[in-house]
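Asker: Sharing a structure, written as structure tokens. Questions coming.
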Amino acid sequence: MTMLNRSVPDAPPTLALTATEIGVLDRLVNDKPKGSQKTLSHYLIKIARLGGYLARASDPPPGNTVMWRGLSRLTDISLGAMVGAEFVGN
1 MTMLNRSVPD
11 APPTLALTAT
21 EIGVLDRLVN
31 DKPKGSQKTL
41 SHYLIKIARL
51 GGYLARASDP
61 PPGNTVMWRG
71 LSRLTDISLG
81 AMVGAEFVGN
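Next up, the structure:
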């Protein structure tokens with residue numbers, strides 16, 4: 001995912017994320033009021049923030065450990081959302 005972002009940073013997020021994952025990220029991680037840029041790099045920062053990345057102006061790009069933690073949390077939450085939707089019937 002990060003390698004795809006390096007080659008095509010303005011790519012749509014659907015190249016690497018499912019619709020459920022995009023929805024979960026939109027609901028869990030608040031956007032900074034920059035505009036409505038919904039690119040792959042925008043969602044990678046959201047994943048990194050799930051892993052503990054603070055996304056301050058002086059911070060370096062997120063590393064492998066932070067991305068791994070964020071992807072792990074995103075997978076767990078997305079799985080819970082899908083299973084919960086089956087039980088509730090929505």
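Numbering (our numbering), first residue to last: 1 to 90. Beta carbons: idealized from backbone N, C-alpha and C, even for Gly. Keep in mind it's a predicted model, so treat the numbers as computed, not measured.
On a CA-only basis, which of 64, 39 and 74 is nearest residue 15? Give me that one, please.
Answerer: Looking at the Cα atoms, 39 is the closest of the given residues.
Asker: Compare the Cα-Cα distances from residue 64 to each of 8, 49, 76 and 27 and report the closest residue.
Answerer: Closest option to residue 64, Cα to Cα, is 49.
Asker: Please classify residue 31: does DSSP put it in a helix, a strand, or coil?
Answerer: Residue 31 falls in the coil class under three-state DSSP.
Asker: Once DSSP output is grouped into helix, strand and coil, what is the label at residue 161?
Answerer: The structure shown does not extend to residue 161, since the chain spans only 1 to 90, so no value can be given for it.
Asker: Looking at C-alpha atoms only, which residue of 47, 53 and 79 is the closest neighbour of residue 13?
Answerer: Of 47, 53 and 79, the residue nearest in Cα terms is 47.
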